[in-house]
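Quick notes on the structure that follows.
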Amino acid sequence: MLELRPNCECCNKDLPPDSAEAMICTFECTFCRECVERKLDFVCPNCGGNFVERPVRLSASLAKYPASAKRVYKPEGCAA
Ligand SMILES: [Zn+2]
Ligand SMILES: [Zn+2]
90 MLELRPNCEC
100 CNKDLPPDSA
110 EAMICTFECT
120 FCRECVERKL
130 DFVCPNCGGN
140 FVERPVRLSA
150 SLAKYPASAK
160 RVYKPEGCAA
């Protein structure tokens with residue numbers, strides 16, 4: 090199951106579970122679409138993998154399977 094991390098690792102932007110701009114790699118490193126396109130050039134700075142759009146979890150499922158509240162913020166990994 091996806092953790093659904095709450096923010097972008099590069100710019101710390103909030104990415105709620107229903108966000109349409111959350112992108113993840115296979116390890117679920119999580120970024121906003123703008124950072125993926127403009128800063129990362131579609132390559133994960135942590136693992137070198139590519140990104141896909143993160144699926145949305147609906148609120149009925151969120152009640153049962155809550156999203157992660159643990160923020161991961163590693164701006165040093167992101168080329169400016
Ligand atoms: Zn970002
Ligand atoms: Zn990664």
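Each number in the numbering used here corresponds to the 1-based position in the sequence shown with 89 added.
Where a beta carbon is used, it is the ideal one built from N, C-alpha and C, also for glycine.
Alpha-carbon spacing of residue 109 relative to residue 146, whole angstroms = Spanning the alpha carbons of residue 109 and residue 146 requires a straight line of approximately 11 Å.
message = If you follow the alpha helix (DSSP H) that residue 124 is in, where does it begin and where does it stop?
response = 122–127
Which residues DSSP lists as bridging residue 111, in chain order = Answer by DSSP bridge pairing, in chain order: 121.
ask   = Counting by C-beta, which residues lie closer than 5 Å to a heavy atom of ligand 1, in chain order?
value = 97, 99, 100, 102, 121 and 124
task = Answer yes or no: the CB of residue 116 versus the heavy atoms of ligand 2, is any distance below 7 Å?
result = Yes, the beta carbon of residue 116 sits closer than 7 Å to at least one heavy atom of ligand 2.
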